[in-house]
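Residue numbers (this note's numbering): 9 to 179. Yeah, the Cβ is synthetic: ideal placement off N, Cα and C, and Gly gets one too. Following: one structure in structure tokens, then a few remarks.
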């Protein structure tokens with residue numbers, strides 16, 4: 009025999025309380041009071057449902073009388089403090105790439121970091137001395153086209169290790 013608790017239902021081993029507010033108060037209070045009873049035991053849930061039902065009646069009575077209904081206070085969030093202010097587009101690609109690789113080195117597995125380091129190294133060899141704001145979409149498209157021309161073994165060759173993108177393409 010299943011237990012029946014008014015305004016409560018069992019969902020995934022936990023009792024939940026849900027009761028709609030009157031239509032005339034829904035603009036102020038919201039659509040419904042929804043709250044977990046934080047138990048799977050029917051007897052404990054019955055006792056907690058009685059408490060929540062009393063709270064519901066109190067909130068509705070306050071709202072009908074025009075009193076201020078308790079609402080959660082807004083939480084103030086402090087803005088993040090950054091280490092330095094850099095004007096966008098003024099940094100060079102090389103130092104930005106180095107900083108990015110330093111940050112990502114702990115997050116990636118070794119093989120993934122190695123391939124990322126190689127591809128970023130190719131990008132730095134092509135645009136390392138330019139400011140990041142000067143690298144355009146056309147530059148990126150031409151870079152991708154040049155990388156597509158590289159052979160499979162260009163990345164593995166001991167003789168070509170340390171070469172930039174232009175030198176690898178020239179052979």
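Spatial neighbours of residue i in its chain, beta-carbon cut-off 7 Å, leaving aside the 5 residues before and after
i           : result
residue 65  : none
residue 117 : none
According to DSSP, residues forming a beta bridge with residue i
i           : result
residue 98  : Answer by DSSP bridge pairing: none, since residue 98 is not bridged.
residue 40  : 28
residue 18  : 23
residue 139 : 100
Rounded C-alpha distance that separates residue i from residue j
i           : j           : result
residue 67  : residue 15  : 16 Å
residue 39  : residue 51  : 28 Å
residue 34  : residue 74  : 14 Å
residue 166 : residue 148 : Interpretation of residue 166 is limited by its pLDDT of 47, a score under 50 that renders its predicted location unreliable; the figure taken from the coordinates is listed afterwards. Each residue's Cα considered, the two are about 27 Å apart.
residue 55  : residue 44  : 13 Å
residue 127 : residue 156 : 12 Å
residue 46  : residue 84  : 28 Å
residue 123 : residue 115 : 14 Å
residue 153 : residue 133 : 15 Å
residue 129 : residue 17  : 58 Å
residue 125 : residue 158 : 17 Å
residue 98  : residue 32  : 57 Å
residue 179 : residue 119 : With a pLDDT of 46 at residue 179, under the threshold of 50, the predicted position of this residue should be treated as unreliable, though the coordinate-derived value follows. Looking at the two C-alpha atoms, the distance is approximately 26 Å.
Cβ distance (whole Å) where residue i is taken to contact residue j below 8 Å
i           : j           : result
residue 151 : residue 131 : 7 Å
residue 58  : residue 25  : Contact doesn't hold; Cβ gap of about 10 Å is too wide.
residue 62  : residue 13  : With 8 Å as the limit, residue 62 and residue 13 do not qualify as a contact, their Cβ atoms being about 14 Å apart.
residue 86  : residue 48  : Between residue 48 and residue 86 the Cβ distance is about 39 Å, and since that is not below 8 Å, they are no contact.
Own chain, CB closer than 8 Å to residue i, minus 5 neighbours either side, in chain order
i           : result
residue 42  : 24, 25, 26
residue 113 : 121
Cβ shell of residue i (< 6 Å), same chain only, five flanking positions each side left out
i          : result
residue 11 : 50
residue 28 : 40
residue 19 : none
| Any chance the stretch 97 to 111 sits against the stretch 134 to 147, with 3 or more Cβ pairs inside 8 Å? | yes
| said: Can you confirm whether the stretch 141 to 157 touches the stretch 107 to 119 when touching is taken to mean that 3 or more C-beta pairs between the two stretches lie within less than 8 Å? | reply: no
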